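Here is the structure we will look at, set down as structure tokens.
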Amino acid sequence: MKNNQFIKIAVLEKTTFKDGKGIFKRQSVYSLLIDKNLNTGLTLLELMIALVLIGILLAIAFSGMSYLIAWCRLHIAVFQLSQHWKATRYEATGQGPQPISVCIAEIIKERIQYTQIKGSDCAMATEWLFLPHGVSIDINHSTLPTVKGIAGNGGSYYRASWADTQGGQGGSWGQLGRIVLITPKITAKKCLFLFKVDGSWNIRENEKCNK
Numbered sequence: 076m077k078n079n080q081f082i083k084i085a086v087l088e089k090t091t092f093k094d095g096k097g098i099f100k101r102q103s104v105y106s107l108l109i110d111k112n113l114n115t116g117l118t119l120l121e122l123m124i125a126l127v128l129i130g131i132l133l134a135i136a137f138s139g140m141s142y143l144i145a146w147c148r149l150h151i152a153v154f155q156l157s158q159h160w161k162a163t164r165y166e167a168t169g170q171g172p173q174p175i176s177v178c179i180a181e182i183i184k185e186r187i188q189y190t191q192i193k194g195s196d197c198a199m200a201t202e203w204l205f206l207p208h209g210v211s212i213d214i215n216h217s218t219l220p221t222v223k224g225i226a227g228n229g230g231s232y233y234r235a236s237w238a239d240t241q242g243g244q245g246g247s248w249g250q251l252g253r254i255v256l257i258t259p260k261i262t263a264k265k266c267l268f269l270f271k272v273d274g275s276w277n278i279r280e281n282e283k284c285n286k
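Numbering (our numbering), first residue to last: 76 to 286.
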């Protein structure tokens, strides 16, 4: 049999007489029935299993949310950089043989910076914009030039340049190539690919970035 206990909750009521004196008397208001033996219907083993399942579900939810955030960052970064490429090529069209370049670098890990300059010496740039934090340059598959001049690699700044060339107005000035962006949270990758001497470029993803 359950060991139940009644607890009476009482208040003090004051009665005041004409002479100003008063007395206190205790008056019961209501009673509560409290079951000392709280029965939840769960054994200790069932409770532990429930906690484990909750932990697994939370881990799955966290993993899914992390993937979604990384996916959004990668796509926002590519869109942001592509708009800069588009504006730079447009600005270079009809401006003569002097190139206008987009410089891209990852000096700080997962913190890509980019800017626009006249010429091809990205080391001279002083003002930079930044892509969303958490996105990196895939240095193993990025092939844009990294030194000033027509072509060459070995520097710290990737560069895409346009000018009025033999390929046409707003043509690619110098080495063709791609800049590949990745994020450690997911396996997907996206790239901006400068693929023709007439200055044409597009956005590709995954295996298409290698073609």
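Yeah, the Cβ is synthetic: ideal placement off N, Cα and C, and Gly gets one too. Remember, predicted model here, so these are calculated numbers, not experimental data.
Put simply, of Y232, K260, L219, D273 the residue whose alpha carbon is nearest the alpha carbon of S141 is K260. Note on the region 147-216: whole beta strand (DSSP E) runs with a minimum of 3 residues are 175-183, 186-193, in chain order. Of the residues R164, A134, Q173, the one whose Cα lies closest to the Cα of I225 is Q173. Residue nearest to E280 within the set L149, E185, G130, R164 is L149 (criterion: CA-CA distance).
By the neighbour-count criterion, in which 16 or more other beta carbons inside 10 Å mark a residue as buried, L122 falls on the exposed side. The DSSP-derived three-state label of L251 is coil. Its Cα nearest to that of S211, the residue K265 stands out among K265, N277, Y165, K283. Residue pairing by DSSP places Y233 opposite I179 in a beta bridge. Ranked by how close their Cα comes to the Cα of I214, the residues E185, I124, L126, T168 have E185 in first place. K286 carries a coil assignment under DSSP once its states are collapsed to helix, strand and coil. By the criterion of a C-beta distance shorter than 6 Å, S176 is surrounded in its chain by I192, S195, R234, S236, once the five residues flanking it on both sides are discounted. Residue environment analysis places D239 among the buried positions, since at least 16 neighbouring C-beta atoms fall within 10 angstroms of its C-beta. Secondary structure of F137 (DSSP, three-state): helix.
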